[in-house]
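In what follows, a structure is listed as structure tokens, so that the remarks can point back to it.
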Amino acid sequence: MAYPPTYRYTKEHEWIDVKGEVGTIGLTDYAQRQLGDVVFVELPSVGTALVAGKALGTVESVKSVNDIFAPVSGEVIEVNTALEGAPEKVNADPHGTGWLVKVHLKNPAEIDALMDGPSYESYISAFEKEDSH
Amino acid sequence: MLSSIGAKSIEDLFSSIPERFRLREALKLPGPYSEAEIIQYFKERARESAVGYTSFLGAGVYNHLRSVITDVIIQRGEFLTSYTPYQAEISQGTLQAIFEFQTLICQLTGQEVANASMWDGSTATAEAVLMAERIVRRRRVLVARSLHPQYRDVLKTYARHSGLSVEEIPFAGDGTLDRKALDSALQDDVAAVVVQSPNFFGTIDYAPDLAERAHSSGALLIVVVTEGVSLGLVRPPREADIVALEGQSFGLAPSYGGPFVGAIATHEKFVRQLPGRLAGLAYDSQGRRGYVLTLATREQHIRREKATSNICTNQALCALAATVHLALLGKEGLREMAEQNLSKAHFALNELLKIPGVRLGFDAPFFNEFTVVLPRPVDAVNRHLLREGIIGPLALNASYPELSNHALVCVTEVAARSDIEKFVSALRMAVTLPQDRQ
Chain Y
1 MAYPPTYRYT KEHEWIDVKG EVGTIGLTDY AQRQLGDVVF VELPSVGTAL VAGKALGTVE
61 SVKSVNDIFA PVSGEVIEVN TALEGAPEKV NADPHGTGWL VKVHLKNPAE IDALMDGPSY
121 ESYISAFEKE DSH
Chain S
1 MLSSIGAKSI EDLFSSIPER FRLREALKLP GPYSEAEIIQ YFKERARESA VGYTSFLGAG
61 VYNHLRSVIT DVIIQRGEFL TSYTPYQAEI SQGTLQAIFE FQTLICQLTG QEVANASMWD
121 GSTATAEAVL MAERIVRRRR VLVARSLHPQ YRDVLKTYAR HSGLSVEEIP FAGDGTLDRK
181 ALDSALQDDV AAVVVQSPNF FGTIDYAPDL AERAHSSGAL LIVVVTEGVS LGLVRPPREA
241 DIVALEGQSF GLAPSYGGPF VGAIATHEKF VRQLPGRLAG LAYDSQGRRG YVLTLATREQ
301 HIRREKATSN ICTNQALCAL AATVHLALLG KEGLREMAEQ NLSKAHFALN ELLKIPGVRL
361 GFDAPFFNEF TVVLPRPVDA VNRHLLREGI IGPLALNASY PELSNHALVC VTEVAARSDI
421 EKFVSALRMA VTLPQDRQ
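Here the protein sequences line up with chains Y and S, keeping their order. Each residue of the first sequence is one higher than the one before, counting from 1 in the working numbering. Each residue of the second sequence is one higher than the one before, counting from 1 in the working numbering.
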């Protein structure tokens, strides 16, 4: 799967798509492949204040639970409620309809600290080399 | 082996235990005995038990009929010595039994999902409170003072280091929860209201209005049931958010205070916050039905410090005994057992009230336990009863100092009419004899 070049990426495998002062956050294709079938996503409620680098929720597969980390600080303005009944969207369309939350950016400069598309792809190619052993 | 791990002696393996806690001399045990001497030893100890006494003591542990069939089944090696059913492929019998237990608990309590069992009713209550705290994200808990004293103690132990604030709501003159006191304590910082029904005094304390009151402040209602047989006749607490149950009444002998079996039942929407094991029904790749442990991501071996609880087991054998017992009784049998409890307890009360000086303590409706006020201290009366081969009622003033001379009497289906009449006449003698004769 291609990694959208306009998105920015974290080391913990979240992506953020910034339009103006609003960012849409999700998990990358690499993350969903590592997780396996997603069965439940625990997301914050609208109005929650996110802090860059802190957990905003969890994603559960059958055998594991993992924290989801906020790429930026800001206020949650929308939550993808479709995931309640269809958590598998995170696997099927991780960069699109599998989005998690939309946030109003508190400090847009935080984006600069994140990886762009090509940097993220080379970052994970190191992992994928290990995986194939 | 010691040298291969680099230890000089067995003592080295205990070096992390502080000196002052280490046993420095051998335990004073009798023996060593031969098999015959051991059998003789326990026969003598058994003779010291009140075998053949009739009991009118309840207070959270109930003397009910149980069939020998239960023992025959739970003592089968496949059940008695089997390990935890982590590997579903070789544990279908155990998992199915757990699934049936969970189903029965739901049917009895009117709830949608139940766990695979807890240690007992007291820990089920404490864990239900922690569950409510997680769901509602508040830290204040209102607990009925008529909740079993030991359950309240266990809850305080759990609350002490988890930042929960536990407040007691008094009981009214009729023995039920003081609704006025509850209303004034209910604010939007309350996580849960905890009520036992029938409560410690035997009175039926649950009614749907309690759920409405709790919900109006955004709090959850937790109902605790210590006498499971009551659910054979009393309307189940369907409107409660969480039910914490003690299952001892279902085929587990009182023994020496345990082992018993607890359970937590709740609404489907709270299932991810439910602690304890959960058995689930699933289908394999060929469409065949099977059972598994499910929603394991709640548990601490996956979620670690964020798990719903540190519990990583269940009371499997006791839960199986309860399941077998309930299957043997069936719906009709449990109802009939409950009806006998109700009528015998009410018969006993009527007879007791004929004794001069004896009056009813709390006049709200009751199931198989009630409170009478005696003209003499309960302990003195019980000493007399014991000499007659009768285990008497609980003296309530030990846990409720203001309830002096209040006795909590329990009558179950095991008491024959003649036992009840003997109890009443012995008690009459105990309260009318000149006191120096006691």
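In this text, a Cβ means the ideal position worked out from N, Cα and C, and glycines have one as well. Note that the structure is a prediction, hence the values are computed from the model and not measured.
- Residues of the same chain with a CB within less than 7 Å of the CB of S:T323, apart from the 5 flanking positions on each side, are A97, E100, F101, L104 in chain order.
- DSSP lists S:L281 as the beta-bridge partner residues of S:Y291.
- Taking 8 Å as the Cβ-Cβ cut-off, the region 284-303 of chain S approaches chain Y at A296, T297, I302, R303, given in chain order.
- Under the criterion of beta carbons closer than 8 Å, Y:Q32 and Y:N80 do not qualify as touching, at roughly 14 Å.
- Going by C-alpha positions, Y:I25 is about 14 Å away from Y:K89.
- The Cβ atoms of S:Y283 and S:R289 sit closer than 9 Å to each other.
- For the pair S:L317 and S:M1, the Cα-to-Cα distance works out to about 36 Å.
- Judged by DSSP in its simplified three-state form, Y:G74 adopts strand.
- Excluding sequence positions up to five before and after S:V166, its CB lies within less than 7 Å of the CB of V141, V143, L155, K156, A159, all in the same chain and listed in chain order.
- With a beta-carbon spacing of about 13 Å, S:P393 and S:A415 fall beyond the 8 Å limit used to define contacts.
- For chain S, the residues of the region 45-62 of chain Y that bring a beta carbon within less than 9 Å of one of its beta carbons are T58, E60, S61, V62, in chain order.
- Annotation for S:Q435: no alpha helix (DSSP H) segment contains it, and DSSP assigns it neither H nor E.
- For secondary structure counted as the alpha helix (DSSP H) over 4 or more consecutive residues, the region 16-47 of chain S holds these complete runs in sequence order: 35-47.
- Taking each of S:L320, S:S285, S:S197 in turn and checking the Cα distance to S:P237, the smallest one comes out for S:S197.
- A Cβ-Cβ distance of about 17 Å is found for the pair Y:H104 and Y:G57, leaving them out of contact under the 8 Å criterion.
- Residue environment analysis places Y:H95 among the buried positions, since at least 16 neighbouring C-beta atoms fall within 10 angstroms of its C-beta.
- Under the 8 Å Cβ criterion, the region 69-86 of chain S counts as touching the region 321-339 of chain S, having at least three qualifying pairs.
- With a contact defined as Cβ atoms closer than 8 Å, S:L220 and S:A192 qualify at about 5 Å.
- DSSP places S:Q315 in no beta strand (DSSP E); its state is neither H nor E.
- Between the region 386-405 of chain S and the region 43-59 of chain S, the count of Cβ pairs shorter than 8 Å is three or higher; the stretches touch.
- Close to Y:V65, with beta-carbon spacing below 7 Å, are these residues of chain S in chain order: T297, I302, R303.
- Judged by DSSP in its simplified three-state form, S:I204 adopts coil rather than helix or strand.
- Boundaries of the alpha helix (DSSP H) around S:S122: 121-136.
- Assignment of beta strand (DSSP E) within the region 248-279 of chain S, counting only whole runs of 3 or more residues, yields 262-266 in chain order.
- Y:V39 has a beta carbon lying within less than 9 Å of a beta carbon in chain S.
- S:C410 is bridged by DSSP to S:E369.
- With a cut-off of 8 Å on Cβ pairs, the region 79-92 of chain S is not in contact with the region 241-254 of chain S, counting fewer than three such pairs.
- Restricted to the region 1-48 of chain Y, the beta strand (DSSP E) segments that are unbroken, complete and at least 3 residues in length are 14-19, 22-27, 38-42, listed in chain order.
- Assignment of S:R66 by DSSP, reduced to helix, strand and coil, places it in the coil class.
- Judged by DSSP secondary structure, S:Q111 falls outside any beta strand (DSSP E); it is assigned neither H nor E.
- Three or more beta-carbon pairs drawn from the region 351-365 of chain S and the region 199-208 of chain S are found closer than 8 Å, and the two stretches are therefore classed as touching.
- The alpha-carbon of S:G77 is positioned some 21 Å away from that of S:L326.
- For S:D419, the secondary structure class from DSSP, reduced to helix, strand or coil, is helix.
- When secondary structure is reduced to three states using DSSP, S:V190 falls in the strand class.
- Residue state for S:L95 is assigned as helix, using DSSP reduced to three classes.
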